[in-house]
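S.K.: Take a look at this one; I'll ask things after.
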Amino acid sequence: MIRIKSEGKKGVLAVCMAATLLFGLVQTQRKLVTYQPVHGESLLYLPSGKYLKPLALGYDQVVADLLWMKTISYFGGHFMSDKQYPWLAHMLNLIIDLDPRFDFPYYFGGIVLSLEASQIEEANKILERGIEAYPDRWQYPFYIGFNYYYHKKDAQRALPYLEKAASLPGVPAFVKSLVARLYEKSGKEEEALHFYEEIYRNTTDEMIRQKIKEKIDRIKSGAEDENTRH
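Going left to right, the sequence shown walks through residues 1 to 230 as UniProt numbering numbers them.
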């Protein structure tokens, strides 16, 4: 949906100007970025981000919306054909350059670039930009941590992001539980105990509380046995 602050004729004029601007940009800047798509798709020309914003003439959000629709069309076309997305990250970054408060590109890029395009580092870069724009949202650091843990099999790089996510408002209990399990697996039982105890204090579901208490008791019992041996 086009997000236009102005009303009436002024809003329509903004859309027309932005559409004309975007058309002009992709024509005049065609030498900056060019690729030959598959299956007869027409050539796509994308300007560099440093050229796009000043040429938006103050209609940043409108141009971002138009480019967002082009991005969804680009993704859908390739999803139904070759499943190759060489310019998806670039297009999403252009949208973010224009309108950093537009949050859909962060979610879309963080999830689709990793799960569908296998571009893990590009996905995480977009999610890092999401953290800059929305530092209180737990989803962005969680997705980065998930990408490192699930796709890269790198629990050590995942943990700081998952722990950050676990500290933010509104985070679901499963994130804290995941952090606790990863700490426990890595032998950091004191850190794991901290998260398990926090979950136990803040959970009202008796079944979950019982399972968490068993984990707490197991860790404490192991610590006591270790102290006894020494």
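Beta carbons are placed, not taken as given, at the ideal position from N, Cα and C, and that holds for glycine.
Could you give the residue range of the alpha helix (DSSP H) that holds Q139?
M.R.: Mapped onto the sequence shown, residue 139 falls at position 139. Segment 139 to 146, the alpha helix (DSSP H) holding Q139.
S.K.: Looking at C-alpha atoms only, which residue of D99, A155, K213, Y106 is the closest neighbour of Y49?
M.R.: By 1-based counting over the sequence shown, the position of residue 49 is 49. The sequence shown places Gly at residue 49, rather than the Tyr named in the question. Nearest of D99, A155, K213, Y106 to G49, Cα basis: D99.
S.K.: Extract the residue ranges of the beta strand (DSSP E) inside the segment 111 to 192, only unbroken runs of 3 or more that lie entirely within it.
M.R.: The qualifying runs do not exist here; there are none.
S.K.: Can you tell me whether DSSP reads S221 as helix, strand or coil?
M.R.: The sequence position of residue 221 within the sequence shown is 221, counting from 1. Three-state DSSP puts S221 in a helix.
S.K.: State the start and end residues of the unbroken alpha helix (DSSP H) segment that holds F79.
M.R.: Position 79 of the sequence shown, counting from 1, holds the residue named residue 79. Its alpha helix (DSSP H) spans residues 60 to 79.
S.K.: Less than 8 Å between the CB atoms is what I'm expecting for F108 and L127, so what's the real figure, rounded?
M.R.: Working through the sequence shown from its first residue, we reach residue 108 at position 108. Working through the sequence shown from its first residue, we reach residue 127 at position 127. About 11 Å; that fails the 8 Å criterion.
S.K.: Starting from P54, trace the alpha helix (DSSP H) both ways and give me its first and last residue.
M.R.: What you label residue 54 is simply residue 54 of the sequence shown in a count that begins at 1. It spans 49 to 55 - the alpha helix (DSSP H) in which P54 sits, taken as one unbroken run.
S.K.: Along the alpha helix (DSSP H) that carries D97, what are the first and last residues, could you check?
M.R.: Taking the sequence shown and counting its residues from 1, the one referred to as residue 97 is at position 97. Element bounds for D97: 88 to 98.
S.K.: Going by C-alpha distance, which of R101, K83, F79, Y74 is nearest H90?
M.R.: Here residue 90 is taken as the residue at index 90 of the sequence shown, counted from 1. Checked all of R101, K83, F79, Y74; the closest Cα to H90 is Y74.
S.K.: What three-state label does DSSP hand F102 in the structure shown?
M.R.: Taking the sequence shown and counting its residues from 1, the one referred to as residue 102 is at position 102. F102: coil per DSSP, three-state reduction.
S.K.: Pull up the CB-CB distance for L182 and A155, whole angstroms please, since I reckon it's below 8 Å.
M.R.: Sequence index remark: in the sequence shown, residue 182 carries index 182 (1-based). Sequence index remark: in the sequence shown, residue 155 carries index 155 (1-based). Indeed, because the Cβ distance is near 5 Å, the residues count as touching under 8 Å.
S.K.: Just to confirm, is the Cβ distance from K152 to I120 under 8 Å?
M.R.: Counting from 1 along the sequence shown, the entry for residue 152 is found at position 152. Counting from 1 along the sequence shown, the entry for residue 120 is found at position 120. Contact: yes.
S.K.: What do you get for R129, buried or exposed, if any count of 16 or more other CB atoms within 10 angstroms of its CB means buried?
M.R.: Working through the sequence shown from its first residue, we reach residue 129 at position 129. R129 should be labelled buried.
S.K.: Only counting the same chain, and skipping five residues up and downstream in sequence, which positions put a Cβ closer than 6 Å to that of P105?
M.R.: Taking the first residue of the sequence shown as position 1, residue 105 is located at position 105. Excluding positions up to five away in sequence, the list reads L92, I95, I96.
S.K.: Using DSSP with H/G/I as helix, E/B as strand and the rest coil, what is I216?
M.R.: As a first step, residue 216 is located in the sequence shown; it is residue number 216 there, counting from the start. Note: I216 maps to helix in three-state DSSP.
S.K.: Using 8 Å as the threshold, is the C-beta distance between L113 and L88 below it?
M.R.: Mapped onto the sequence shown, residue 113 falls at position 113. Mapped onto the sequence shown, residue 88 falls at position 88. Yes, the Cβ-Cβ distance between L113 and L88 is below 8 Å.
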